[in-house]
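Student:
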């Protein structure tokens, strides 16, 4: 099945359309079934994926607007494969764990459309197709936050939409300029990323284009100081919205760096390392501090998301296979872990309709299963070895050490300050005596919640102990990416900073 | 020489009359001076050897347009002094003055050029009306016909806008009311 | 000798007068007078250029301008009649229900 | 032999998972029994491996599977059982087994009995990973694993509420757990940096590869790596200034204190230095090594000084642990790695014994820990008294018990290296050690029965518990005699340099030993004089500055609270409320507001009045004409 | 004496006139039918209009590119053909909106449809000529008809709108003739190809530079009025508000397409001649228009008024493309309007469907935002459809206007105006807010309790039109290729 990617993209969309017909009472089951099939398809994709091949696989190319170089061009490599799978997985688990009753049908349909856009973004190989899915993903998310969110949901959803929309429009200008440059060199219009890869640009052009793309990606990630939409979005979004937002949507930004910025502008990427480093380190430390100051559990996790995304960004610009592979792996792990954490906060919110830590305390005694799973996710979040969180974080810091030891040490404080806010959260919520009578008889996790969370726990442990099946295809593609960048780089600084692995060097 | 005298005389008069049109508070004065100004403009046309145009100006403007305005004036009962809140005069004269100044500056330039070859020159010995007719009914036949269409449009517009049917609006009345009226 | 520029300057001055009328007048009927002045100003410019270039096109244009002016009067007065019937005034200051 | 490696390693994991199955159910004694049996299995396997290593003289190296491989980095799950690690394994599994059995009795009434065993076994597994790993990353797995288990176990009684530091210096178990975790994380960051340095300069994290590459590295790199790794070790082994967590960790159940915070986990830092001895023996890093020794000596003294005035039974032992860790670092820093390891092992035995004894006391006293409220317990708790006596004698360094041999060797080393100041400090500390350990023993077991005032009816621990403790007691007594054999065994490893005293020292050894002994006995005598016949409080002394300083742990916890924790929290608040909300976010919103306001202003031009509209058109025309006129004039 | 002139019929190339003649005769036939029989139902006239326009459409399709006719007055180049096609297509789509379930005043006149057809003929003449006379007469024909159509809605707002539009239009006509007079005085010609030739020579006379610029500015002011560029745009919101929704939607497209063609012919000429200030002025106007109207749209309370401002902003966007004066930019103009047509048609049709005879939700506005609050609960499909249109207007891919936007932005980038592309992008972001506002009202607020249904005025033909608009908006990506290649071919064939 060579067109499995198209099936993956459009299956949820078609299902979403058909979903309008499904009766409200059955919408949830419908959604879960569709998402399950989608996940199975994604796993099938993985099974038929050739992990030793660094290039694009399952490529499909259908001309859409040939005169303007726009093609429906999709493909998957080690870098995107697992994010696709994760998107499918998180959608499914999010749906399973979802507690929303109001307008459930609309929610299911929105989620299915959202799933289409998420998968589309990660498999798109044409800049315009990428952009289409990228922007389109805002719409269902806007609805999810706005319709099912908290009291300030409308402010939050509009802020989310406009902020990201603004950034991506600047990115669009960059894409158009890139296409123009390609046109002026080759005489043919093309928005295919693979075509663009071939283009060696003068360094000053690279810098400007890098900045344009940066505007789009940085807001999405979100990087300091463009991050303020995120706490609102998370704070107001319903659980499912936060899960998807944190798990998948944020990854679009960092994925964009890997897919666009690095290979297209290797010299500019190297030149921009200082800037990125400063921003990322600020992101890591500053937002971790802000997270510590929060009173609302969800806000803690929201800010912690920003902090962790800082580590991912840092790894992306490590310019060596360790760092970049780690960064991509960290995208996955952050997706799983932060998704799970948001689900967990949702669990307690469903019971108490509050997320304030001061309302809780001593929950470990009342809800032991909940506490255990929360604890595991907490440990994964702070990067405990043998959980999924460690592998990526370790590799990123390891990789970035080559670039800047000082920055690595500063960024490495994430393991300390991350522990501070997470443990404080855990202590305030789960430990101590039960001070609030309302908490005394809370029911523990029910089957629905367990079935959403246990798979995540299993993945957290499995990929923490044996990340190889995932890490290896990623690494293969990353190595290819690096050797490509090294070849393409013009400035001596870039050549020097981009580090090839010994294997790659020998192969050359 | 006589040309110059005529030009300056006419110029001063037209400017004066039109100023009255623009500034007068009395609509009757304004209209009268406008009509007079139009007549003088036709004088320019005759000076410029555009006899046919001059005649048309007289017939259409002084004859038709002014008559229309006169009727309208009566209809609106506007013979008395009009009370107008005038716009800030400084702004008005600044804008008018600036436009005048710039236009004068623009036209002080040597606009005329000897090198330009006329496309439709007036032929020696042929009367202006005849020459105009010749061009109008060959080259400008299409615009002429479109002008006819325009007049038709204007006519229809005038008729239906001023017509009785406009007195009862179907837009604002309820459909039930309308159908009752229809059956009546 | 009277040159093209003389006529054009005259035309410009008349145009400016017309513009003054348009921006100053509050009575719609009198405002329409001012627009007529502007059209006539252009007519003079056309006739003059036509004369100096010895080219009939300018007269053609002037001719069509007169036709347009006439049509505009017809439609304009039609509108004014409707307006007057409904509002009982031609003062445009009373005509500001839509704003913002 | 490989299967024994896996049995030794995974038996505790199996035990942990098995116990976890019943984690949320009420107490089931068989869980504890099975866990103990599995731990015993692990011990047996370790012992077999030890015998194998002794016999063959070479280690076993197994690679189970790949863990992380990215770029050039390839980290396997590889385990090495060599002289060093097998020693550790035996010590760890032995103490663990004892503690497991002990816990069956100790945790008897606890409703989270099963959960406790799960955590405890998980800890042993992590510890074994730590010691057995053949690479730094694997070590780090264990390192963090024991950290987490320690967090879980310190916070085991999570339901206790926070108290003010005046009432309870540790505030609450959950607070202490968090403190331990976070402080350890600070050190872990440094350790990671050390790992990164080694990776980027040697291209691998395998011990053998790294050590082989060391001679080719620059001095600065070696120094950096040595410092970074040592900071890592400082955290886990609670060296100054990262020591505060250890005493607070006493909030955990006593078996935990015995196992984790005395015998095994805290010695991981020492183990790391011993493991990485090729690095620390490099002449380029001699300053670092000396610093380690100096810091160790300082901590030995520093901790002992605080123990002098402490009233909390467990905290006294915790300080003594801290102090003994200082001794070990002193030895390791001076290059006497085998001596450090020997002290480590010996210390594990007697300190675990001491803690377990304290646990018995606690159990008897219904969780009362203030030794001022005890006294005369020897009547009701003979066995415990015996055990604690033995352990204290060993700790004080009285021959022929284990502590004498190991500690004396360290002091001797300090002398041998010519670092006389360190030597002097260590000798004095030995005296202090003797004093505070016997102060504790006497106050607890001798003198008047002060507990009666508080209506407590102490009783002796279960028999089987006492029996289970006997191996430790035995070892605390006899371990010292194996010093020579141990030296021979350990230093036969190619990775373990031998350390022998110089001729000169050798000659003086006997005098030095006597000197130390004098100090030790002096301490005991002093303690007897002061406390042997019951508690006599000296108000004047207790109010003196030095007493208060020691009692308040040199005000270090207070300092940390006032100058680190609180400012950090306040800064966080400022970052959130002022910076994030008022600056960053407000900027974004104000841009939007600007457009909105601009719209409000601009729409005013839309007055609805036709005349204004016509004016606007005229204005537009005039402006454009002016532009034209100006440009034309310029042209 | 004058020689008799013999003109061969073939040389007149009468076929170039065919489309306009069809429209005019259609109008006349309607008038005649009305003469013979009173009181026929509006549906008859609607269908007849559609048929006439259909035939007209066919005849335009049959035209050959780059032909002149009738003494070179008629100019059928690619631009003329495309613009006529767009005008006709838009007209065909808009006129069925007359078939509402409720009765509105204008549709009770058969003359309405005749005037409608005459107006279209006027636009067609306008675009199919480069003779300023014919352009002028065409504009005026169309405008006079349009003023009347607006006023025929017959309520206070519509008179006010018509009068405002008329008066400002008269002033703009003054600007136009003055500009033409200056051009004529400079060049002795009013045919643009001639004008271009002469100006080519005269451009090097420094003394007349001011005059050349002055002429262009009068024309620019006149067209800025028609295109509703700042500060000549002030009529737009009021007129849109006063006119009926279909007509407002129509006005946001068809007259603008026609005027853009003329503007392209005139200002393209200036820019080609190297009069750089014209380009700069256009860019300034365009940027001001985009930005300020976006800002004003942010604070509107009425959806129709918001759409009015939004269409001003879109016009500014497209105007910037005109200033580029590249083939791609000019292609972008038509592409944009071709796509904008469907979406805007849909949006205004949705307003039209929801139009009540009297204002229920607000004392002044017909379509306040509150009216649409919670629409998703009242009529989910309606809300989704309206949401789609709003997203498309905001430029969210893959809906139609997005493609127009990137094409124009790409043209700006190609021409080296990257700052312009960024300004366009940022403006789209500002604009997104007010489109989102409606979406937020429809999807995220609870309905305002009201007995009247929102879909007061719905009928099957209207639904069909909306269906078409939805299909075109959503499926735009599939016809982008033919559309772009056709328009590009036509525009480049005309030499723009």
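Residue numbers (the numbering used here), protein chains in the order written: chain A, 1077 to 1584; chain B, 0 to 183; chain C, 385 to 484; chain D, 544 to 1178; chain E, 14 to 509.
Yeah, the Cβ is synthetic: ideal placement off N, Cα and C, and Gly gets one too.
None of these values were measured; they are calculated from a predicted model.
Name the one or two DSSP bridge partners that residue 1149(A) has.
Tutor: Position 73 of the first chain holds residue 1149(A). Bridge partners of residue 1149(A): 1137(A).
Student: What first and last residue would you give for the alpha helix (DSSP H) that runs through residue 34(E)?
Tutor: Taking the fifth chain and counting its residues from 1, the one referred to as residue 34(E) is at position 21. Residue 34(E) -> alpha helix (DSSP H) spans 31 to 49.
Student: Quick one, which of 109(B), 67(B), 50(B) has its alpha-carbon nearest residue 217(E)'s?
Tutor: For this step, residue 217(E) is matched to residue 204 along the fifth chain. Ranking 109(B), 67(B), 50(B) by Cα distance to residue 217(E) puts 109(B) first.
Student: Less than 7 Å between CB atoms is the rule here; does residue 1175(D) satisfy it with respect to chain C?
Tutor: For the purposes of this step, residue 1175(D) is identified with residue 632 of the fourth chain, where counting begins at 1. No, residue 1175(D) lies away from the interface with chain C (no Cβ there is under 7 Å from its Cβ).
Student: Between the Cα of residue 37(B) and the Cα atoms of 9(B), 24(B), 27(B), which residue gives the shortest distance?
Tutor: As a working note, residue 37(B) is residue 38 in the second chain. Among 9(B), 24(B), 27(B), the Cα nearest to that of residue 37(B) is on 9(B).
Student: Is residue 141(B) close to chain E? Criterion is C-beta to C-beta, closer than 7 Å.
Tutor: Locating residue 141(B) in the second chain gives position 142, where the first residue counts as 1. Cβ-Cβ to chain E under 7 Å: yes for residue 141(B).
Student: Would residue 723(D) pass as an interface residue toward chain H - the criterion being a Cβ-Cβ separation below 7 Å?
Tutor: Annotation note: the requested chain H is absent from the structure, which comprises protein chains A, B, C, D and E.
Student: Using the rule of at least 16 other Cβ atoms within 10 Å of the residue's Cβ for burial, across every protein chain shown, is residue 74(E) buried or exposed?
Tutor: As a position in the fifth chain, residue 74(E) is number 61, starting the count at 1. Exposed, by the Cβ-count rule.
Student: If I follow the unbroken beta strand (DSSP E) through residue 619(D), where does it start and stop?
Tutor: On the fourth chain, residue 619(D) is found 76 positions in, with the first residue counted as 1. Looking at the DSSP string, the run of the beta strand (DSSP E) that includes residue 619(D) is 616 to 624.
Student: Under a three-way DSSP split, which group does residue 1081(D) fall into?
Tutor: Your numbering for residue 1081(D) matches position 538 in the fourth chain. Three-state DSSP puts residue 1081(D) in coil, outside helix and strand.
Student: When the Cα atoms are used, what is the spatial distance from residue 484(C) to residue 1530(A)?
Tutor: The residue you call residue 484(C) lines up with position 100 of the third chain. The residue you call residue 1530(A) lines up with position 454 of the first chain. Residue 484(C) and residue 1530(A): Cα-Cα distance of roughly 58 Å.
Student: From residue 1139(D) to residue 1145(D), what does the alpha carbon distance come to, in whole angstroms?
Tutor: Counting from one through the fourth chain, the residue named residue 1139(D) turns up at place 596. Counting from one through the fourth chain, the residue named residue 1145(D) turns up at place 602. The straight-line gap from Cα to Cα measures roughly 10 Å.
Student: Contact between the region 1247 to 1259 of chain A and the region 411 to 425 of chain E is defined here as three or more beta-carbon pairs at a separation below 8 Å; is this criterion met?
Tutor: The region 1247 to 1259 of chain A, when compared against the region 411 to 425 of chain E, does touch it at the 8 Å Cβ threshold.
Student: DSSP three-state label for residue 120(B), please.
Tutor: Position 121 of the second chain holds residue 120(B). Of the three classes helix, strand and coil, the one that applies to residue 120(B) here is strand, per DSSP.
Student: Would you mind listing the alpha helix (DSSP H) stretches within the region 1340 to 1421 of chain A that are 4+ residues and don't spill past its ends, in chain order?
Tutor: Listed in chain order, the complete alpha helix (DSSP H) runs (minimum 4 residues) inside the region 1340 to 1421 of chain A are 1342 to 1347, 1349 to 1369, 1373 to 1392.
Student: Bridge partners for residue 414(C) per DSSP, in chain order?
Tutor: Counting from one through the third chain, the residue named residue 414(C) turns up at place 30. BP columns for residue 414(C) are empty, so no partner.
Student: Name the chain E residues that come within less than 8 Å of residue 104(B), Cβ to Cβ?
Tutor: Start at 1 with the first residue of the second chain, and residue 104(B) comes out as number 105. Ordered by position in chain E, the residues that pass the 8 Å Cβ test against residue 104(B) are 223.
Student: What does residue 1161(D) reach in chain C if we use C-beta pairs closer than 7 Å?
Tutor: As a position in the fourth chain, residue 1161(D) is number 618, starting the count at 1. In chain order: 403, 407.
Student: Taking the alpha carbon of residue 1188(A) as the reference point, which residue from 1258(A), 1092(A), 1201(A) has its own alpha carbon closest?
Tutor: In the first chain, counting from the first residue as 1, residue 1188(A) sits at position 112. Comparing Cα-Cα distances from residue 1188(A) to each of 1258(A), 1092(A), 1201(A), the minimum goes to 1092(A).
Student: With a threshold of 7 Å between beta-carbons, can residue 614(D) be considered close to chain A, or not?
Tutor: Here the question's residue 614(D) lines up with position 71 in the fourth chain. So yes, residue 614(D) belongs to the interface.
Student: Considering only residues of the region 834 to 887 of chain D, which uninterrupted alpha helix (DSSP H) runs meet the minimum length of 4 residues and lie entirely inside it, listed in chain order?
Tutor: Correct list: 856 to 876.
Student: Does the beta carbon of residue 24(E) come closer than 7 Å to any beta carbon on chain B?
Tutor: Position 11 of the fifth chain, counted from the first residue, corresponds to residue 24(E). Taking Cβ atoms only, chain B never reaches closer than 7 Å to residue 24(E), which makes this a no.
Student: Quick check for students: name the residue ranges of the alpha helix (DSSP H) that lie wholly in the region 1238 to 1274 of chain A, counting only runs of 4 or more.
Tutor: Fully enclosed alpha helix (DSSP H) runs of 4 or longer: 1269 to 1273.
Student: Taking the straight line between their C-alpha atoms, what separation do you get for residue 1077(D) and residue 844(D)?
Tutor: In the fourth chain, counting from the first residue as 1, residue 1077(D) sits at position 534. In the fourth chain, counting from the first residue as 1, residue 844(D) sits at position 301. Taking the straight line from one Cα to the other gives about 27 Å.
Student: What residue range does the alpha helix (DSSP H) around residue 1119(D) cover?
Tutor: By 1-based counting over the fourth chain, the position of residue 1119(D) is 576. Where residue 1119(D) is concerned, there is no enclosing alpha helix (DSSP H), given that its DSSP letter is neither H nor E.
Student: On the premise that residue 126(E) lies in contact with residue 169(B), defined as a C-beta separation below 8 Å, what is that separation, rounded to the nearest angstrom?
Tutor: Position 170 of the second chain, counted from the first residue, corresponds to residue 169(B). Position 113 of the fifth chain, counted from the first residue, corresponds to residue 126(E). With a Cβ gap of about 16 Å, residue 169(B) and residue 126(E) do not count as contacting.
Student: Does the beta carbon of residue 749(D) sit closer than 7 Å to a beta carbon anywhere in chain A?
Tutor: The count along the fourth chain starts at 1 and reaches residue 749(D) at position 206. Residue 749(D) does not count as touching chain A.
Student: Check whether the region 766 to 778 of chain D touches the region 858 to 865 of chain D, counting contact only when three or more Cβ pairs, one atom from each stretch, lie closer than 8 Å.
Tutor: Contact fails: fewer than three Cβ-Cβ distances are below 8 Å.
Student: Looking at the unbroken beta strand (DSSP E) that takes in residue 613(D), where does it start and where does it end?
Tutor: As a working note, residue 613(D) is residue 70 in the fourth chain. It spans 603 to 613 - the beta strand (DSSP E) in which residue 613(D) sits, taken as one unbroken run.
Student: Does the distance from the C-beta atom of residue 834(D) to that of residue 1019(D) stay below 7 Å?
Tutor: Taking the fourth chain and counting its residues from 1, the one referred to as residue 834(D) is at position 291. Taking the fourth chain and counting its residues from 1, the one referred to as residue 1019(D) is at position 476. Not closer than 7 Å, so no.
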